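Chains as they are written, first to last, in the numbering used here: chain D, 1 to 323; chain H, 1 to 297; chain G, 1 to 347.
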Amino acid sequence: MSTVVPDPEAPTAIERRGIRLGDALFKGVALVAAVGVAAVLGLLTYKVFALAWPAIQREGLSFLWTQAWNPNTNVYGALTFIYGTVVTSVIALLIATPLSIAIALFLTEIASKRVAAPIATMVELLAAIPSVVLGLWGILVFGPWVANHLEPFLTQWFGFLPIFSGDPSQAGLLPAALVLTIMIIPITSAICRELFSRVPRDLSDGSLALGSTRWEAIRRVAIPYVAPGISAAVLLGLGRAFGEAIAVNQVIGNGNTISRSLFPPADTLGSRIASSYVGASSVIEAQSLLYLGAILLVISLITNVSAQMIVNRFQKARRLSTG
Amino acid sequence: MSATDITDPFDLTSRSNNLVRRRRVERLVSVLAILSAVAAVVLLALVLGTVLFKGLSQLDLAFFTKPAALYGVKGGIADALVGSLLIVLMAMLMAVPVAILVAIYVAEYAGPKAASAFRVMLDVLNGVPAIIVGIFIYGLLVVGHGQSAVYASISLAILMVPMVARATQEMLELVPRHLREASLALGVPRWRTVASIVLPTAIGGILTGVVIAVARVAGETAPLLFTSSITQNQISFNIHNALPTLPLRIFTLSESPSPDDQAAAWAAAFVLIAFVLVMNILAKVFAGRKRRSLEGR
Amino acid sequence: MKRALGLMLIVAAVVAIGAAVGSATAAQSHGQGTSLTGAGATFPYPLISKWIPAVGLAYGINVNYSPIGSGGGIAAITARTVDFGASDAPLSPDQLTACKGCVVVPWALSAISVPYNLPGLRCVLRFTPSVLAGIYLGEITNWKDPKIAAQNGSCGLPDLKITPVHRSDNSGSSYAFTDYLSNVSPTWQSKYGTGVNAQWPVGIGAKGSSGVAGVVTKTVGALTYVDVAYSLKNNLRISWIQNKAGKFASPGLRSIQAAASVLPKKITDFTQLKLVDPPANAGALAYPISTFTYVIAPTSSSKSADLRKFIYWAVTQGQSFGRPLLFQPLPLQVQAFAFREIKKIQG
C-alpha cells in the first residue's frame, strides 16, 4: 500500500500562482530593462542620423572628400577631419600596440608575481586619468616639450622625411597622436595581458622542451595563438582613439589644412564638433557638424563591431578546438 | 670532432653561433619588455606627479569653499564640486539598477542566442564615443528645454550602463551553479533565488564595476559640453538648471594664460584625480571581497 | 561589506537632503532680488564682471554671465536657455528671424588689439593692413620678411616663424577681425570672408579670448587678435596698426573715440554701427579695428523689467566702469539708439 502524504511545507495553489507571478514579473522587468537599453542604442543611432540628415541630403557623399570648412561661404567638407582622425589614431596604434604587447609580455612572462601586481595596477591607473586632465597636462607641459625638444630633434635627425618637415609647433597632429597613445596603452595592454595569460601552459612548455628560447616560444606559439585577440585589442584601441574629442581638442590646434608633416595644427572629427557645435552660427553649420558626428559614429560602430566579430570567431574556434 | 662540425641541435650546452645569437635576441626582447613597462610607469608618474606638485600648492580651504570668481579675481571650485557630485550621483542612481537588471536578464533568463545578442549590444553601446552621446541627448532633450543637470546625468548614465552591466553579468556567470540549483531544489522561487542568493554572492564584483564606472564618468567632459555648460557660477543645488562641473571647469581653465587660472586648473585636476584614485582603491577592496566570497567564504 | 554599503547610502542621503534644502533656500539666499542669467562674448567679460556687483548693489539684481563666445551667446538666447545673450558680432538677418523678437542693443565700445610675443624687440611693432592680411593669409611666414621690415627695420626682427593665432570657437572678435581683413584685402574677402569663424588657412586655434592670449604668452613668435583688455591683463605687447589716414594707431580711448567719430548723427539700425577700417576723415588717431559689443534680449519675457533696468544701467552708469579697461563710453547718438531699443523690451 502506498499513500502519498501531502507535504505541509509545499506551496498551496494560491501560493504557487503567486510565485509564478513573481517570477514572471521579475523576468519581465529585467527583460524591459534589457530591451530598453537596446532601444536607447537604436534611438541614439537613429537620432544622430536624423539630425544629420538635412546636411547629408544637401552635401551628399562628396562631403567625405571635400577639403573645406568655410562658415562664411557655407562650403563644408569632412576630409580635413577624417584625415586628422585617421592619422592621429593610426600613429597612436602603431606606437601603442608593440608597447602594449611588450608590457603584457613583461607582466606575464618576465616579472615575478610580486612585481607584476603593482605594475599592472599602475598601467591600469593610466586608464583612470580623465582625458581632460591628460589634455591639461598636454597643453601646459607636453605640448611645449614637444615643440621645444621633440620636434627639433626629429627635424634634425629625420627631417628628410616629409612627416617631420616644417617648423615645430606645440599644437598639431604629433602631440595629439602621442596623447592618444597614452590613452590607448592601458586598454590594449590589459587585453593582451589577458590573452597571454590564457595561452595553455602545455603549448609553450612543449616548445621550450623542444629547445626554443623563451622569446621563440612566445613568437612561434603564443603570438599566433593570441593573434586574433590582439587584432581585436587593436580595433578596440582604434575605436577609443577615434572617439576621443576633449584631450585631442586641447592639443591639436584647430587647424584647417591637410599637410604631409605631423607638426602643423590640424583637427579631428570629435575635436571640431567639441569646438564648434554649441556656438554654431547658422543652421547649415550646425547640420554639417552633425554630419561629422554621423561619420564619427559610423567609423566607431564599424571598428567596434569588427572587434566583436573577431572575438566571437576567436572564442568559437577556441571552444571547438578544446571542447 | 672539430668545433666547426655540426653539433647536436638539441644540445643546449653547445656554443654554436646560432644559439648565442638566439640567446642574445631573447635577452634583447626581455630588455625591451622591461623598458616598455618602465616607460608606462614613468609616464604615469610624470602625469600624476605634475598634477600633484602643481596642484597641491594651490589647495587650501578657500579653494574648496568658494565658488568660481569673476574675471580677474581668484576663485575656488566649490560650485563645480557640488555640481559634479549631484550629477554623478544622479547618473549612478539611474544607471546601476538598470544595468543590474539587464545583466540579470542576460545571465539568468536569456537563451544563448538572445544572450549573445544583448552582449554585443552592450559592447557596441560601450564603444559609442562620449561626444556622440552628448549630441544625442542635446538633440533629444536640450533643444527646446534648455540645459539641465538632469540631462547631463542621463548622458552619463548611458555611458555607465554598459560598463556596469558587463561587470555584473560576468560576476553573475561566475556564481557557481550549485548554489542556484540547491536553492531551487529547496523550493525557493526563481526570482528569490536570483535576488537573495545569486546577487549577494556576486555583490563584490558588481560594486567593483559600479565604482570603476563612476570613476570613469566623473571625469567625462564631452557630454557636459552639450548639457551643462552655460551655468551660474555659484553654488547651486537646483538640478533643473545646468550646474557647473569639475571636468568642464578644468577644460575652461586649461586654456587660460593667467597663472592663477592655470594653478586653479592643476588644483582642480588634483581633486578629480584624487577622487578617481580613491574610487579605484575602493574597487580593489570590493574585488578582494568578491574573491573571498566566491571561494566559499 | 555591509558597512561600506551603509556608508555610501548615508553619503547619498546627505547629498540628497542637501539638494532638497539647497533648492528650497536658493531662492531665499538672494533675498527678494531676482537673477538674470546671460551668456556670450568673452570680449566684454572684463567689463561685465565690474558691472555685476554694482548692479547687485543698485537694484538687487543678481546677474550671472558665462563667457562662452559670441556664437554660443547667440545660440543660447535664440534657444531661450538664458535671459540675455552678448555678442560682438551683430546678428545676421537669418539669426534675427530665428531669435523671434529680439533687440540688439550696443552696450560697450572697445577695440581689438593685435598683441604679439617677441621678447627681444627694441621697438613696438607696426603693421600695415596688407602685412596683417598677408600674415593671416599665410603669405608672410617669417618675422624677417622684408614686408614687415619695411616699417620695423631697426627693431631687431628675429629669423623666426610667425604663428598667427585665431579663435577656434565662434567669436565676435573673429567677426570684427575678419571684417577688417575683408575690408583691407580682396583676397581675404573672396576666399574666407567675414564671420564669427573662418577657414583660417594657417596658425593655431584656441578657445575664448583667454585661450588665444594664452597661446601667445606661451609661444615666441606668435600674434593674435583679442580684446585690448585681455592684452593689457596679460602684459602683452600691443602692435600699432596703420589707419586710412596713413598713421599708425594703437588701441586707446582716444583712438577708439576717433574711429567712432564718423558714425551718422542718428542711428536707426544696429547695422550702421560698423567701425572697422574707418575712412581717412576719422583722423590720424583713429584705430582701425574698433568694435561695439551688443546685448541681445527678447522683447517679451518674464524678466523684462529687470532686463530693462540692467541694460539701461549698463549703457548709462555702467559706462564709467569701462575707462580703465579701455572701453570708451558710448557716443551720444549710440546711447540714444540704445534707449530706443531698450523701450522695445515690454514683457
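Glycine included, each C-beta is placed from N, C-alpha and C at the ideal position.
Quantities reported herein were computed from a predicted structural model and do not represent experimental measurements.
Rounded straight-line distance, which links the Cα of residue j to that of residue i
{"i": "G/G283", "j": "G/V114", "result": "20 Å"}
{"i": "G/V228", "j": "G/W200", "result": "22 Å"}
{"i": "D/V123", "j": "G/D83", "result": "47 Å"}
{"i": "G/R213", "j": "G/Y230", "result": "Per the sequence presented here, residue 213 of chain G reads as Ala, with Arg not at that position. Approximately 7 Å between the Cα atoms of the pair."}
{"i": "G/A338", "j": "D/G270", "result": "41 Å"}
{"i": "D/E244", "j": "H/N238", "result": "30 Å"}
{"i": "D/V86", "j": "H/R216", "result": "25 Å"}
{"i": "D/S259", "j": "D/I82", "result": "13 Å"}
{"i": "D/L235", "j": "G/V63", "result": "49 Å"}
{"i": "D/V115", "j": "H/P257", "result": "42 Å"}
{"i": "H/H178", "j": "H/V96", "result": "27 Å"}
{"i": "G/A24", "j": "H/F63", "result": "Low confidence applies to G/A24: its pLDDT is 48, below 50, so where it sits in the model is not reliable enough to give any reading."}
{"i": "G/A58", "j": "G/D169", "result": "34 Å"}
{"i": "G/V350", "j": "G/L47", "result": "Limits of chain G in this structure are 1 at one end and 347 at the other, which puts residue 350 of chain G out of reach."}
{"i": "D/P118", "j": "G/S173", "result": "51 Å"}
{"i": "D/P224", "j": "D/S89", "result": "25 Å"}
{"i": "G/L285", "j": "D/T181", "result": "53 Å"}
{"i": "D/E149", "j": "D/P168", "result": "Glu is not the amino acid found at residue 149 of chain D; the sequence shown has His there. Each residue's alpha carbon lies about 9 Å from the other."}
{"i": "D/I246", "j": "H/T221", "result": "7 Å"}
{"i": "G/H30", "j": "H/A69", "result": "Here G/H30 scores only 41 on pLDDT, less than 50, and its place in the model should not be relied on; the value that follows carries that caveat. Taking the straight line joining both Cα atoms gives about 17 Å."}
{"i": "H/V164", "j": "D/I101", "result": "27 Å"}
{"i": "H/K74", "j": "G/L137", "result": "38 Å"}
Short CB-CB distance (under 9 Å) between residue i and chain G
{"i": "H/Y151", "result": "no"}
{"i": "H/G146", "result": "yes"}
{"i": "D/G279", "result": "yes"}
{"i": "D/T303", "result": "no"}
{"i": "H/N233", "result": "yes"}
{"i": "D/G270", "result": "no"}
{"i": "H/V31", "result": "no"}
Within-9 Å CB hit, residue i to chain A
{"i": "G/V220", "result": "The structure shown contains no chain A; its protein chains are D, H and G."}
Chain-ordered neighbours of residue i on chain H, where CB pairs are closer than 8 Å
{"i": "D/P228", "result": "Going along chain H, no residue has its Cβ under 8 Å from D/P228, so there is no contact; the nearest lies around 16 Å."}
Proximity test, Cβ basis, 9 Å: residue i and chain D
{"i": "G/V202", "result": "yes"}
{"i": "H/G83", "result": "no"}
{"i": "G/K207", "result": "yes"}
{"i": "G/I68", "result": "yes"}
{"i": "G/T194", "result": "yes"}
{"i": "H/P162", "result": "yes"}
Chain-ordered neighbours of residue i on chain G, where CB pairs are closer than 8 Å
{"i": "D/A247", "result": "Residues of chain G passing the Cβ test: none, with the nearest at roughly 14 Å."}
{"i": "D/N312", "result": "What D/N312 touches in chain G: nothing, since even the nearest Cβ is about 36 Å away."}
Chain-ordered chain H contacts of residue i [CB-CB under 9 Å]
{"i": "D/E216", "result": "R22, V25, E26"}
{"i": "G/N234", "result": "P257, S258"}
Extent of the continuous alpha helix (DSSP H) run through residue i
{"i": "D/F196", "result": "173-198"}
{"i": "G/P164", "result": "Element bounds for G/P164: not the alpha helix (DSSP H) but the beta strand (DSSP E), 163-167."}
{"i": "H/G209", "result": "199-218"}
Within chain D, the residues that residue i reaches when beta carbons sit closer than 7 Å
{"i": "H/R190", "result": "D23"}
The beta strand (DSSP E) enclosing residue i, as first and last residue numbers
{"i": "G/A206", "result": "204-206"}
{"i": "G/V103", "result": "102-113"}
{"i": "G/P67", "result": "62-67"}
{"i": "G/S313", "result": "Correcting the residue identity first, residue 313 of chain G is Trp in this sequence and not Ser. G/W313 -> not in any beta strand (DSSP E); alpha helix (DSSP H) instead, spanning 304-315."}
{"i": "G/V82", "result": "Element bounds for G/V82: n/a, residue is neither H nor E."}
Residue-level contact to chain H via CB, residue i, 9 Å cutoff
{"i": "D/W137", "result": "yes"}
{"i": "G/V215", "result": "yes"}
{"i": "G/I61", "result": "no"}
{"i": "D/F242", "result": "yes"}
Chain-ordered chain D contacts of residue i [CB-CB under 8 Å]
{"i": "H/V276", "result": "A128, I129, P130"}
{"i": "G/K161", "result": "D167"}
Where residue i meets chain G, residues with beta-carbon distance less than 7 Å
{"i": "H/Y71", "result": "Y45, P46, S49"}
{"i": "H/I230", "result": "A39, S66, I68, A76, T81, V82"}
Cross-chain neighbours of residue i in chain D, by beta carbon under 9 Å
{"i": "H/P223", "result": "Going along chain D, no residue has its Cβ under 9 Å from H/P223, so there is no contact; the nearest lies around 10 Å."}
### Residues within the segment 141-152 of chain D neighbouring chain G, beta-carbon criterion of under 9 Å
G143, P144, A147
### Query
Any residues in the segment 84-102 of chain G with a beta carbon nearer than 9 Å to a beta carbon of chain D? Which ones, in chain order?
A89, S92, D94, Q95, A98
Listed in chain order, which residues of the segment 120-132 of chain H have Cβ atoms closer than 9 Å to some Cβ of chain D? V120, M121, L122, D123, V124, L125, N126, G127, V128, P129, A130, I131, I132
- the segment 249-267 of chain H: which residues have C-beta closer than 9 Å to a C-beta of chain D, in chain order? I250, F251, L253, S254, E255, Q262, A265, W266
Any C-beta of chain G within less than 7 Å: which residues of the segment 156-167 of chain D qualify? D167
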